[in-house]
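Residue numbers for the sequence shown follow this note's numbering, beginning at 43 and rising by one. Built from N, CA and C at the ideal position, the CB exists for glycine as well. First up is the structure itself, then whatever we jot down about it.
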Amino acid sequence: MIKELLGNIVRALFLIIFQVLILNNIGLGGYINPYLYILIILLLPLETPAWLTQIISFGVGITIDIIVETPGMHTSAMIFIGFIRPFLLKYSAPRDGYETDDEPNIKSLGLSWFFKYALILTSAHHLFLFQVESFNFTNIGHTLIRTVLSTIFTLSLILLTQYLRIGNSHKNKF
């Protein structure tokens with residue numbers, strides 16, 4: 043339990059630092075903005091209570107907002123995906139439910155399950171974030187293009203990190 047908690051804290055710190063120092067400097071024409079820090083919420087243990095998910099979402103979002111000086115945009119987007127995550131987990135649960143040792147990742151639940159889960163939460167985060175950022179519906183086309191392109195890029199990074207993690211776990215066994 044302590045080892046898992048420390049692992050999640052270290053991962054969160056790494057993702058926040060990586061986001062701020064590297065990914066926030068990728069603009070790609072103003073249309074692609076990768077937000078890998080959402081993995082902090084995506085990879086929380088399945089049994090994490092909804093109230094704790096919301097607190098963690100708030101903490102991560104406000105940390106990003108303070109560092110990059112955005113007025114609550116990341117906080118609100120993180121709280122939004124923290125809110126919908128329990129419903130998504132309930133809706134996408136296997137027929138027999140989750141196993142006690144299942145984790146929300148490719149290795150435990152498979153590529154198909156993880157891809158759908160990550161796609162929904164990533165799309166929701168990006169759409170919410172970009173809509174709050176534009177703060178109107180007159181540029182909805184631009185917002186949707188940014189959402190789709192950024193979701194594709196972020197989802198690619200998420201899947202890459204999952205496969206790198208799987209590769210590292212196999213190397214450690216030998």
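If you count every other CB in all the chains shown that lies within 10 Å of the CB of His184, and 16 or more means buried, which is it? The sequence position of residue 184 within the sequence shown is 142, counting from 1. Counting Cβ neighbours within 10 Å, His184 comes out exposed, since fewer than 16 surround it.
By the DSSP assignment, the alpha helix (DSSP H) with Ile82 in it spans what residues? Taking the first residue of the sequence shown as 1, we reach residue 82 at position 40. Here the alpha helix (DSSP H) through Ile82 covers 81 to 84.
My parser needs the alpha helix (DSSP H) runs of 4 or more residues fully inside the stretch 59 to 112; what are they? 81 to 84, 92 to 110
Could you give the distance in angstroms between the alpha-carbon of Thr180 and the alpha-carbon of Val174? One-based indexing of the sequence shown puts residue 180 at position 138. One-based indexing of the sequence shown puts residue 174 at position 132. If I take the Cα positions, the gap works out to 13 Å.
Determine the contact status of Phe125 and Ala92, defining contact as a CB-CB distance below 9 Å. Numbered from 1 along the sequence shown, position 83 holds the residue referred to as residue 125. Numbered from 1 along the sequence shown, position 50 holds the residue referred to as residue 92. Taking 9 Å as the Cβ cut-off, Phe125 and Ala92 qualify as a contacting pair.
Closer than 6 Å by C-beta to Gln96: which residues in its own chain qualify, once you throw out the five before and the five after it? Chain order, please. Taking the first residue of the sequence shown as position 1, residue 96 is located at position 54. Gly124.
Under 9 Å, do Ile58 and Val102 count as touching if we go by C-beta distance? To locate residue 58, count along the sequence shown from 1; it is residue 16. To locate residue 102, count along the sequence shown from 1; it is residue 60. Contact flag set, yes.
With a threshold of 6 Å on Cβ separation, who are the neighbours of Ile74 within its own chain once the five nearest residues in sequence on each side are excluded? In the sequence shown, counting from the first residue as 1, residue 74 sits at position 32. Excluding positions up to five away in sequence, the list reads Leu191, Ser192, Phe195.
Helix, strand or coil, according to DSSP, for Pro128 in the structure here? As a working mapping, residue 128 is identified with position 86 in the sequence shown. Three-state DSSP puts Pro128 in a helix.
Please list the terminal residues of the continuous alpha helix (DSSP H) segment that includes Tyr25. The structure shown does not extend to residue 25, since the chain is modelled only from 43 through 216, so no value can be given for it.
Nearest to Leu186 by alpha carbon, out of Tyr77, Leu199, Phe172? Translated into the one-based positions of the sequence shown, residue 186 becomes position 144. The shortest Cα separation from Leu186 among Tyr77, Leu199, Phe172 belongs to Phe172.
CB of Ser99 within 9 Å of CB of Met120, strictly: Here residue 99 refers to the residue found at position 57 when the sequence shown is read from its first residue. Here residue 120 refers to the residue found at position 78 when the sequence shown is read from its first residue. Closer than 9 Å, so yes.
7 Å Cβ shell around Val110 - same chain, five flanking residues per side excluded: Position 68 of the sequence shown, counted from the first residue, corresponds to residue 110. Contacts found: Val62, Asn66.
For Pro128, which option in Ile104, Leu86, Arg137 has the closest C-alpha, if you only look at C-alpha atoms? Within the sequence shown, the letter at position 86 stands for residue 128. Out of Ile104, Leu86, Arg137, Leu86 has the C-alpha closest to the C-alpha of Pro128.
Alpha carbons only, please: which of Lys45, Glu89, Tyr205, Tyr77 is nearest the one belonging to Lys149? Against the sequence shown, residue 149 aligns to sequence position 107. When only C-alpha atoms are compared, the closest one is Tyr205.
Using CA atoms only, rank isn't needed, just tell me which of Ala160, Asp144, Lys45, Thr112 is closest to Ile82. Numbered from its first residue, the sequence shown carries residue 82 at position 40. Looking at the Cα atoms, Ala160 is the closest of the given residues.
For Lys46, which three-state DSSP category applies? As a working mapping, residue 46 is identified with position 4 in the sequence shown. Here residue 46 turns out to be Glu, not Lys, going by the sequence shown. Helix, per DSSP.
Are Leu151 and Pro136 closer than 9 Å when you measure CB to CB? The residue you call residue 151 lines up with position 109 of the sequence shown. The residue you call residue 136 lines up with position 94 of the sequence shown. Yes, the Cβ-Cβ distance between Leu151 and Pro136 is below 9 Å.
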